[in-house]
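Participant: Numbering (the working numbering) for the sequence shown: 27 to 147.
Where a beta carbon is used, it is the ideal one built from N, C-alpha and C, also for glycine.
All values derive from a computational prediction rather than experimental measurement.
This is the structure, below, for whatever I ask next.
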Amino acid sequence: MPSPRVEIQYCTQCRWLLRAGWTAQELLTTFIDSIGEVALVPKTGGVFAIYVDGELVFDRKTEGRFPEMKEVKQLVRNKIAPEMPLGHSDTAVKSQAQKLEESHSSSDTCEICPAPAPKIE
27 MPSPRVEIQY CTQCRWLLRA GWTAQELLTT FIDSIGEVAL VPKTGGVFAI YVDGELVFDR
87 KTEGRFPEMK EVKQLVRNKI APEMPLGHSD TAVKSQAQKL EESHSSSDTC EICPAPAPKI
147 E
């Protein structure tokens with residue numbers, strides 16, 4: 027399988043194929059040379075989820091909403107090409123993973139999650 031692989035799972039019962047197709051088109055247009063494959067995977071049960079190389083980056087059920095396209099591009103970029111600027115779609119907002127890593131490395135307690143910061147020696 028070409029890498030990186032982006033998988034968009036969408037609900038056929040909810041008729042979200044057009045949304046999934048539009049998302050795929052936007053990703054393929056934005057990441058012309060960085061994405062190996064975009065797969066549209068029909069599911070049922072209200073699913074709309076985006077995976078990059080098997081890792082979940084967005085789930086409609088967990089978030090309680092659909093993602094903004096800007097957000098999708100940022101999430102995918104953070105996984106496949108972190109240094110790539112996104113132009114007008116880019117903001118100073120860091121990914122949750124980056125915030126968590128910075129929080130854990132800069133103090134004894136984590137500002138984002140209740141876990142104590144790991145000791146790095």
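1) Please name the residue, chosen from V73, A50, F74, T56, that lies closest to A65 on a Cα-to-Cα basis.
2) Helix, strand or coil for V83, going by three-state DSSP, please let me know.
3) In angstroms, rounded to a whole number, what distance separates the CA positions of L101 and Q39?
4) Specify, as a first and last residue, the run of the beta strand (DSSP E) that V32 falls within.
5) Quick one: Cα of E81 to Cα of L44, how far?
6) Buried or exposed, going by whether 16 or more other CB atoms sit within 10 Å of the CB of E33?
7) Hey, E52 and K105: beta-carbon distance below 9 angstroms or not?
8) Secondary structure at E63, three-state DSSP: helix, strand or coil?
9) In this structure, how does DSSP classify V156 when only helix, strand and coil are distinguished?
10) Tell me which residues share the same chain as P93 and place their Cβ nearer than 7 angstroms to its Cβ, disregarding the 5 neighbours each side in the sequence.
11) Could you tell me the distance, in whole angstroms, from the CA atom of T70 to the CA atom of L112?
12) Once the 5 residues before and after T56 are set aside, which same chain residues still bring their CB inside 6 angstroms of it?
Facilitator: By the coordinates alone:
1) By 1-based counting over the sequence shown, the position of residue 65 is 39. Among V73, A50, F74, T56, the Cα nearest to that of A65 belongs to A50.
2) For the purposes of this step, residue 83 is taken as the residue at position 57 of the sequence shown. Strand.
3) Taking the sequence shown and counting its residues from 1, one reaches residue 101 at position 75. Taking the sequence shown and counting its residues from 1, one reaches residue 39 at position 13. C-alpha separation (whole angstroms): 26 angstroms.
4) Along the sequence shown, one-based indexing puts residue 32 at 6. First-last of the beta strand (DSSP E) with V32: 31-37.
5) Here residue 81 refers to the residue found at position 55 of the sequence shown. Here residue 44 refers to the residue found at position 18 of the sequence shown. Taking the straight line from one Cα to the other gives about 23 angstroms.
6) Mapped onto the sequence shown, residue 33 falls at position 7. Its Cβ being crowded by 16 or more others within 10 Å, E33 is buried.
7) Position 26 of the sequence shown, counting from 1, holds the residue named residue 52. Position 79 of the sequence shown, counting from 1, holds the residue named residue 105. In this structure, K105 does not lie closer than 9 angstroms to E52 by Cβ.
8) Translated into positions along the sequence shown, residue 63 becomes position 37. Of the three classes helix, strand and coil, the one that applies to E63 here is strand, per DSSP.
9) An answer regarding residue 156 cannot be provided, because it is not within the stretch 27 to 147 covered by the chain.
10) Position 67 of the sequence shown holds residue 93. So the list reads F84, once near-sequence residues are dropped.
11) Residue 70 sits at position 44 when you count from the first residue of the sequence shown. Residue 112 sits at position 86 when you count from the first residue of the sequence shown. T70 and L112: Cα-Cα distance of roughly 32 angstroms.
12) Stepping through the sequence shown from its first residue, residue 56 is reached at position 30. So the list reads K99, once near-sequence residues are dropped.
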